[in-house]
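Residue numbers (the working numbering): 1 to 504. Backbone N, C-alpha and C define an ideal beta-carbon position, used for all residues, glycine too. Structure record follows, encoded as structure tokens.
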Ligand code: GLU
């Protein structure tokens, strides 16, 4: 079955309101509660891609109604991350598109949530609840998604209109609850999971307006998505179980719900949920660990979504063209750090040298304080590193010759051993002492000449020389390239040291 075909068809059937086709409008609706986790960035990316694939609008809405969870500075992280990742929003708190305010705490002041909550009360779909803490704590509880919730027994539903009026006039604290029927079923549709039907009796009368007058997420998401003309909602599948209650709200209002795409869980290598506050999986932490923005975005795009081909490297523009949300998988997806490292390495390989050098330079300077040609060293490691911090251990021998074991001079394939290496080093030393031009080419010519005279293989000479000048089994470049960077004095010092060690 060709999913792509379905996708095109589906997109032609754009959501309609009052018979009019709607422009695709998606929203990223983060709560400013801390760092921007890869799971959050994935929702934002997919929302962005769905909108941009169809020339639609991508909107930012800040959901800050849970004041207890608000973290200072978290909104700035959201702006920084979206900008850095290239997910430019068309509308948001800083860019009015006629649907504002875009921050829920500001929307509250417009009275929008109370207005709609009262409409539900009028319709019998919601009711005031004056129960105090004491009474609520005596009720049955249930654990849903790890959270203990009270199963409300509809006690206040039986209050007469007069009783409610009297309580309100007396200033008695209240919440407004959804009134779910005890009979029948509700069907919620998700684009990936299909139809999910639940017994209404299982739906708790969730709180819509809290006692502080703030709406809950459960209510605000419905009111906002509708009034902001949102056509597609992408979010983590932790919201899946509450979604039938949102369907009931849409039905009560007589509104058309948006298309929902609930995303699979992101797990660590041990198949445990990636910890939100763990830190290491936040976008900014990954940048700090030396990952490149484009690689992170590319990697995140593939956390659950796969293109038709086996291709894995995509620019953001290519993702916009290719992205088809019907190809998102429902099974949990692993945050595979090995793959991210590989992908990052591919991005580094593909970078133009100047951009690359700008990013590599701080890492080189952290490891190397001697006067060395850092650009040459950077060029040596460009195709070898996966993340920038890899640079340190690849180049630190330039700074100082590491202590090494002379057993390293023995190499089966090169047919070298400590004895042959001692002989070679002793013989090339005077040639290198006499040499003035320490460019790679000139040095190579000197050693090649020696190889020819000796009638041996290249490696028989290059191996011991490279070992002596680097003290390392693997180096990012050959013997003469290393010597070019080290310069005459340091190169000779290291070769003499090798001879001394082999003589012991
Ligand atoms: N504010 C919710 C969160 O950050 C958003 C969920 C949604 O996208 O509807 O988890």
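Can you find the residues in the same chain that come closer than 7 Å, C-beta to C-beta, to residue i, ignoring five residues on each side of it along the sequence?
i: residue 244; result: 186, 188, 196, 198, 203
i: residue 124; result: 179
i: residue 357; result: 375, 378
i: residue 492; result: 432, 433
i: residue 301; result: 45, 314, 319
i: residue 242; result: 218
i: residue 360; result: 378, 388, 391
Do residue i and residue j have their C-beta atoms closer together than 8 Å?
i: residue 85; j: residue 32; result: no
i: residue 177; j: residue 207; result: yes
i: residue 476; j: residue 425; result: no
i: residue 227; j: residue 259; result: no
i: residue 458; j: residue 451; result: yes
i: residue 47; j: residue 27; result: yes
i: residue 154; j: residue 205; result: yes
i: residue 481; j: residue 438; result: no
i: residue 417; j: residue 387; result: no
i: residue 466; j: residue 449; result: no
i: residue 349; j: residue 382; result: yes
i: residue 284; j: residue 77; result: yes
i: residue 391; j: residue 364; result: yes
i: residue 250; j: residue 223; result: no
Can you say whether residue i is buried or exposed, counting buried as having 16 or more other CB atoms within 10 angstroms of its CB?
i: residue 168; result: exposed
i: residue 181; result: exposed
i: residue 89; result: buried
i: residue 471; result: buried
i: residue 72; result: exposed
i: residue 474; result: exposed
i: residue 508; result: As shown, the chain starts at 1 and ends at 504. That puts residue 508 outside it, with no answer to give.
i: residue 420; result: buried
i: residue 163; result: exposed
i: residue 262; result: buried
i: residue 503; result: exposed
i: residue 257; result: buried
i: residue 146; result: exposed
i: residue 500; result: exposed
i: residue 80; result: exposed
i: residue 294; result: buried
i: residue 498; result: buried
i: residue 42; result: buried
i: residue 362; result: exposed
i: residue 171; result: exposed
i: residue 407; result: exposed
At least one CB of chain D closer than 8 Å to the CB of residue i: is that the case?
i: residue 393; result: Absent from the structure: chain D. Only one protein chain is present.
Rounded to a whole number of angstroms, what is the C-alpha to C-alpha distance between residue i and residue j?
i: residue 405; j: residue 322; result: 53 Å
i: residue 213; j: residue 281; result: 35 Å
i: residue 291; j: residue 415; result: 40 Å
i: residue 409; j: residue 432; result: 19 Å
i: residue 82; j: residue 379; result: 31 Å
i: residue 97; j: residue 25; result: 12 Å
i: residue 111; j: residue 352; result: 53 Å
i: residue 494; j: residue 401; result: 7 Å
i: residue 237; j: residue 334; result: 15 Å
i: residue 161; j: residue 266; result: 48 Å
i: residue 37; j: residue 443; result: 51 Å
i: residue 287; j: residue 271; result: 24 Å
i: residue 324; j: residue 303; result: 14 Å
i: residue 513; j: residue 399; result: Given that the chain is displayed from residue 1 to residue 504, the structure contains no residue 513 and the question cannot be resolved.
i: residue 296; j: residue 340; result: 7 Å
i: residue 264; j: residue 298; result: 17 Å
i: residue 332; j: residue 234; result: 16 Å
i: residue 184; j: residue 246; result: 16 Å
i: residue 327; j: residue 308; result: 8 Å
i: residue 102; j: residue 370; result: 53 Å
i: residue 446; j: residue 436; result: 11 Å
i: residue 175; j: residue 129; result: 5 Å
i: residue 35; j: residue 274; result: 13 Å
i: residue 122; j: residue 336; result: 51 Å
i: residue 69; j: residue 120; result: 28 Å
i: residue 372; j: residue 396; result: 12 Å
i: residue 53; j: residue 67; result: 35 Å
i: residue 454; j: residue 496; result: 21 Å
i: residue 115; j: residue 109; result: 11 Å
CB-CB under 8 Å to residue i, same chain, minus the five flanking residues each way: which ones, in chain order?
i: residue 220; result: 63, 65, 104, 107, 113
i: residue 117; result: 126, 176, 208, 209, 215, 219
Who are the near neighbours of residue i in its chain, counting only those whose CB is closer than 6 Å to its CB and skipping five residues on each side?
i: residue 150; result: 136, 139, 141
i: residue 23; result: 56
i: residue 201; result: 182
Flag residue i as yes when its Cβ comes closer than 7 Å to any non-hydrogen atom of ligand 3, and as no otherwise.
i: residue 146; result: The model depicted lacks ligand 3 and carries ligand 1 instead.
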